[in-house]
Amino acid sequence: MIGKVFRRIGIAALSAVLFVLVSLYATLYNIAHGPSPAVRDTLILAAKQASATRWVPGLFFDEAFIQDIVAASEDIDAEIIQIADLMPARPTPRPAPSPQPAPSSPPPEAPPEESAPPEPEPTEPPPPPDPWDSAVDGMLFDTYLGSSFKAYVLRVRDPSRVFTAKCAGDFSEETPGIKAYELMEDDSIIALINGGGFYDPVGLGSGGLPLGLTYAGGECVWDDGSLLTFIGLDKNHRLIAERNFTRQRAEALGIRDGVCFQNNSVLIRTENGLVTAYYSEADKSLAQRTAIGQTADGTIILMVTEGRTAAYLGANRNDIINAMLHYDAVTAGMLDGGASSVMAYRDYYGKYGMDTEKLNRFQKIGIVNNTRTFLDVRRIPTYFAVRSHEG
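The numbering used here numbers the first residue of the sequence shown as 313 and each following residue consecutively.
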């Protein structure tokens, strides 16, 4: 009797699971082959963004069709912007009054009671307040709201404090990467964001093996020969974002720290006084994003967005470019995103008077973005970290 009950329960549970799977497949199939190619392309690109879901589009389309959509999303529309257009407006100086010729004879003096009050001297408007007067830890922490995403932004005044932090030991597929909050146990680090791409088959990689070039402290610590986009800092603390980067190029530029990501990851570059923003009208995929930028005065911009939640669907490439331009970036590059996107900042909630009751368990230990609430943060090989003042 008991065995028969368990069999019935098992059959009912299996039937329910099959019904959910068939319904889900039918729903996805209708979306994929429905009347909106834009929705179809967005879903395909979103799935291809994450290691764990890259195989899903293959259930509905052949690989050649998928690759055509991915290739189209990598078409870049370069838009040149004058640096002067990015600078904040300054008050126009008031012209000096024209000199008046001296009178041939002094005019008669008016009675004292009828004297007109002297005209006030023209004054310059007070300069706008310097936002850095309110900096904490030599950084400005901010949020930026887009139409479908929320970005957390850390601006670091001194670019020499930003460097590549990595997991311990030599990189290896067998050696796991390090979690953001584990790395933050190092008191010499005050903040960080995730760094470059890494080997991650179907989202099950150990997070210990980076892709392309990795530099730390002026040394090349990894080079697998891949020609990817390099994003890093030279020994003059200038941010570099360049495609098809080689070790020879790194040595010629005097690279001190940096990582690699996909070859369409250059967002903004400046050359000969012109800022070029590399927009893509075909790339509509929404996801969590991580990016790094630099302003003309050297300030580093660290940016991480929310995404793939009920509150925030995520940001696309153009969203990140516009957000970087909002903060006056003249160079910027995209870093690894999706489930790897993370920003950590030690004790940020106390420094900015946040209500800890509204924070999840990871945010309470320094993770800024609302990363996976129920699952742990990912192990990854590289980060861009900020040294503490005491470090």
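All C-beta atoms, glycine included, are put in the ideal place defined by N, C-alpha and C. Keep in mind that this is a model prediction, so the values were computed, not measured.
Gly544 places its beta carbon 8 Å or farther from that of Gly520.
With contacts defined by Cβ atoms closer than 8 Å, Gly585 and Thr476 do not form a contacting pair. Straight through space, the alpha carbons of Tyr590 and Asp389 are spaced by roughly 6 Å. Annotation: Thr611 to Val689 spans about 28 Å, alpha carbon to alpha carbon. C-alpha of Ile679 to C-alpha of Ala627: approximately 20 Å in a straight line. Out of Gly537, Leu466 and Pro429, the CA that lies nearest to the CA of Ala447 is found in Leu466. Listed as beta-bridge partners of Asn506 by DSSP are Tyr695.
The Cβ-Cβ distance between Ser592 and Arg629 falls below 8 Å. As the crow flies, the alpha-carbon of Ser538 is around 38 Å from that of Lys676. With a contact defined as Cβ atoms closer than 8 Å, Thr602 and Gly649 qualify at about 5 Å.
Using a Cβ distance threshold of 8 Å, Leu614 and Met655 count as a contacting pair.
Rounded to whole angstroms, Val514 and Trp444 show a C-alpha spacing of 43 Å. Residue pairing by DSSP places Trp534 opposite Thr526 in a beta bridge. Spanning the alpha carbons of Thr582 and Met636 requires a straight line of approximately 13 Å. Using a 10 angstroms sphere on the CB of Gly517, the tally of other CB atoms reaches 16 or more, which defines it as buried.
As computed with DSSP, Thr607 is found in a beta bridge with Ala641.
Comparing alpha carbon positions, the residue from Phe696, Thr558, Lys491 and Thr455 closest to Phe674 is Lys491. Of Asn682, Glu391 and Asp546, the smallest CA-CA separation from Ala623 is found for Asn682.
With respect to the 8 Å criterion, Leu551 and Gln606 are classified as neighbours on the basis of their beta carbons.
Excluding five sequence positions before and after His549, the CB atoms of its chain that fall closer than 7 Å to its own CB belong to Pro471, Ser472 and Gly610, given in chain order. The beta carbon of Tyr639 sits closer than 6 Å to those of Ile613, all from its chain and outside the five residues before and after it, given in chain order. A distance below 6 Å between beta-carbons, with the five flanking residues on each side excluded, links Gly529 to no residue of its chain.
In the DSSP annotation of this structure, Leu516 is not part of any beta strand (DSSP E), being labelled neither H nor E.
The Cβ atoms of Glu618 and Lys462 lie closer than 8 Å to each other.
In this structure Gln560 is exposed. Its beta-carbon is surrounded by fewer than 16 other beta-carbon atoms within 10 angstroms. Taking the C-beta atoms as reference points, Gln600 is found nearer than 8 Å to Ser653. With a threshold of 16 other beta carbon atoms within 10 Å, Tyr664 falls short and is exposed.
Excluding sequence positions up to five before and after Ala608, its CB lies within less than 6 Å of the CB of Val642, all in the same chain and listed in chain order.
Assigned with DSSP and collapsed to three states, Arg469 falls in coil, not helix or strand.
Counting other Cβ atoms within 10 Å of its Cβ, Asn672 stays below 16 and is therefore classed as exposed. Here the alpha carbons of Tyr493 and Val533 stand approximately 23 Å from one another.
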